[in-house]
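Residue numbering for the sequence shown follows this note's numbering, starting at 550 and increasing by one per position. Ideal placement from N, C-alpha and C gives every residue a C-beta, glycine not left out. Keep in mind that this is a model prediction, so the values were computed, not measured. Below: the structure, in structure tokens.
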Amino acid sequence: AAPRGAMSQPDGGAGFGTGAEEGHATVMLRNLPNNYSRAMVLAMLNDEGFGGLYDFVYLPIDFKSRACLGYCFVNMVSPEAAATLWERFDGYCKWMLPSRKICNVCWSGPHQGLLAHIERYRNSPVMHASVPDEYKPVVFSNGVRVVFPPPVKMPRAPRVRN
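What follows is the structure in structure tokens.
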């Protein structure tokens with residue numbers, strides 16, 4: 550079954566329909582606990598039955614506070630897998646750590662699909678050698694982490710805001 554009702558877009562707009570017909574496969578999980586790590590997000594996805602069904606995950610982290618920003622991007626291997634993930638995680642609240650937050654799911658915009666996310670992040674400051682691995686986006690093939698494609702230009706070091 551497809552996601553229900555209107556979908557909010559990260560840019561504040563709204564779309565209607567399931568998105569599955571349009572080939573959407575990248576979702577944004579919003580309202581995640583700020584003490585979540587990428588490893589916790591991956592464990593949550595796997596524990597809920599999605600192991601091997603995603604090929605890209607990125608949990609943005611505030612470099613100064615070392616806290617996640619409360620959202621992550623997950624690219625699923627098919628629109629059908631994305632619709633199933635949407636149904637499972639929209640309203641999700643079974644966090645590994647105590648939290649009253651309730652997950653909200655929307656389509657990732659403007660980037661959709663594995664290749665779009667690789668192109669978006671491969672030259673990004675988050676890929677700089679000084680950034681810890683657990684803060685970087687990751688790519689998977691058949692449930693196994695693979696090397697993120699190399700940058701085509703040297704990423705600059707990220708700025709840490711005071």
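Whether L618 touches N583 by CB criterion (9 Å): yes
Coarse secondary structure for Y670, derived from DSSP in three states: helix
Integer-rounded CB distance, given that C652 should sit under 8 Å from F638: 5 Å
Whole-angstrom distance between M625 and A574, CA atom to CA atom: 5 Å
Bridge partners - Y585, DSSP secondary structure assignment: BP columns for Y585 are empty, so no partner.
Separation of K650 from N757, as counted between CA atoms: Examination of residue 757 is not possible in this model, given that the chain is present from 550 through 711 alone.
R694 versus V688 - alpha carbon distance: 6 Å
Assigned exposure category for A632 - 16 Cβ within 10 Å defines buried: buried
L663 versus E629: straight-line alpha-carbon distance, rounded: 15 Å
Three-way DSSP call (helix, strand, coil) for E570 in this model: Here the model assigns E570 a pLDDT of 39, short of 50, so the residue's position is not dependable, and the following value carries that caveat. Reduced to three states, the DSSP call for E570 is helix.
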